[in-house]
Structures are given as C-alpha cells and as structure tokens.
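Residue numbers (this note's numbering): 1 to 102.
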C-alpha cells in the first residue's frame with residue numbers, strides 16, 4: 001500500500017475545486033507519494049476552497065520534481081504561493097521535508 005498516490009491527490013484536489021458547500025477545515029496528506037500532477041491539482045483545489053484553514057504536507061511528502069521523497073524548493077514555493085492567495089488557509093505544515101537551499 002502506497003497511501004494516497006497521484007490519482008488520489010488529483011481526486012481530492014478536484015473535489016475541493018468542485019465543492020459548493022465545503023466544510024473541510026483541515027487536510028493532512030503528508031507522507032504520501034503525490035507525484036507532480038497530483039501535487040499541482042491538490043494545490044489548485046486548496047486555492048479554490050473557501051473553508052480549508054490547515055494543510056499538512058509534512059513528513060516527506062513525495063513530489064517527483066522535488067528529487068525524491070520530499071517537496072524541494074519548487075514544491076515549497078508552490079505551497080507558499082497557495083498560502084499567499086488562499087482566502088481561508090492560515091497554516092501549512094512542511095515539516096520533515098528537504099526543501100533545498102535556494
């Protein structure tokens with residue numbers, strides 16, 4: 001079992017984008033092999049959510065462009081952009097991820 005993979009992350013992201021009456025306030029999806037596309041779609045869904053306040057991507061979330069089992073610089077930048085544009089998100093956990101040195 002690999003947990004929530006790219007397809008699962010995409011489904012969650014799409015559900016967040018299409019939810020009219022959202023009540024989800026916390027999402028913990030760390031320690032899962034999300035892949036590039038799954039990560040992107042998940043973050044797009046989080047941008048669209050009007051209720052999500054806390055997103056946990058901690059504990060080595062896998063993103064392929066992050067070069068292995070961690071977010072990397074680009075993934076951290078995407079998460080920071082999400083925090084900047086979201087109207088409801090107040091916290092993102094990126095703990096235990098190799099974010100790089102840039």
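From the three backbone atoms N, C-alpha and C, an ideal C-beta is built for every residue, glycine too. These figures come from a predicted structure and were not determined experimentally.
Assigned exposure category for residue i - 16 Cβ within 10 Å defines buried
i: residue 50; result: exposed
i: residue 79; result: buried
i: residue 95; result: exposed
i: residue 97; result: buried
6 Å CB neighbourhood of residue i in its chain, flanking five on each side removed
i: residue 66; result: A caution first: residue 66 carries a pLDDT of 48, below 50, which makes its placement in the model too unreliable to give a value.
i: residue 111; result: Lying outside 1 to 102, the shown extent of the chain, residue 111 is not represented and no answer is given.
i: residue 56; result: 28, 30 and 93
i: residue 10; result: 38 and 41
Cut-off 7 Å between Cβ atoms - residues of its own chain near residue i, not counting five sequence neighbours on either side
i: residue 23; result: 51
i: residue 83; result: 89 and 92
Nearest-angstrom beta carbon gap, residue j and residue i [assumed within contact, 8 Å]
i: residue 45; j: residue 5; result: Not a contact, Cβ separation roughly 16 Å.
Query raised in the report: What runs of the alpha helix (DSSP H), each 4 residues or longer, lie entirely inside the segment 31 to 62?
Result: Those alpha helix (DSSP H) runs which fall completely within the segment 31 to 62 and span 4+ residues are 35 to 48.
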